[in-house]
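Encoded as structure tokens, the structure appears first; notes follow it.
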Amino acid sequence: MPITSFLAAAAKRPKFQGENFYKNKAIVDEIKKLAARKGCSLPQIALAWVAAQGMIPIPGTTKAKRLEENWASRDIDLSEEEKGEMRRIIDAAKPHGNRYNPTQQAMVGH
Numbered sequence: 001m002p003i004t005s006f007l008a009a010a011a012k013r014p015k016f017q018g019e020n021f022y023k024n025k026a027i028v029d030e031i032k033k034l035a036a037r038k039g040c041s042l043p044q045i046a047l048a049w050v051a052a053q054g055m056i057p058i059p060g061t062t063k064a065k066r067l068e069e070n071w072a073s074r075d076i077d078l079s080e081e082e083k084g085e086m087r088r089i090i091d092a093a094k095p096h097g098n099r100y101n102p103t104q105q106a107m108v109g110h
């Protein structure tokens with residue numbers, strides 16, 4: 001799916017509209033702050049977090065640059081304090097807005 005099609009579809013989802021967008025973005029911004037302190041990117045800290053939970057993240061990408069960035073996440077060690085901070089951010093997160101609009105919900109059987 002071309003990125004423009006993806007963005008157009010995402011823009012129709014309630015969680016990406018109006019005030020919901022800004023409330024949800026605030027969750028991401030908190031994780032970005034931790035990534036900045038850690039000296040890594042948002043995708044890298046997200047992948048490192050998943051790996052720290054004992055899971056194997058399998059990110060998809062079409063760009064070599066992103067593949068290299070994702071691969072570098074293996075070198076990110078989260079301290080117990082950083083894991084705790086991520087857990088606090090995630091546990092406090094209250095996503096706003098539905099994933100799908102009514103038309104999309106009908107298409108996926110919701």
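Numbering (UniProt numbering), first residue to last: 1 to 110.
Idealized CB from N, CA, C, for every residue including glycine.
Remember, predicted model here, so these are calculated numbers, not experimental data.
- Separation of Lys-32 and Ser-41 (C-alpha to C-alpha, rounded to the nearest whole angstrom) is 8 Å.
- Distance from the CA of Ile-45 to the CA of Glu-30, rounded to the nearest whole angstrom, comes to 12 Å.
- Contact check for Asn-101 against Lys-12 passes: the beta carbons are separated by less than 8 Å.
- If you draw a straight line from the Cα of Glu-82 to the Cα of Ala-64, it comes to about 28 Å.
- Taking one beta carbon from each stretch, the stretch 61–79 and the stretch 90–107 have fewer than 3 pairs nearer than 8 Å; the two do not touch.
- For Pro-102, the enclosing alpha helix (DSSP H) stretches over residues 102–107.
- In terms of CA proximity to Glu-85, Trp-49 leads the group Gly-18, Glu-68 and Trp-49.
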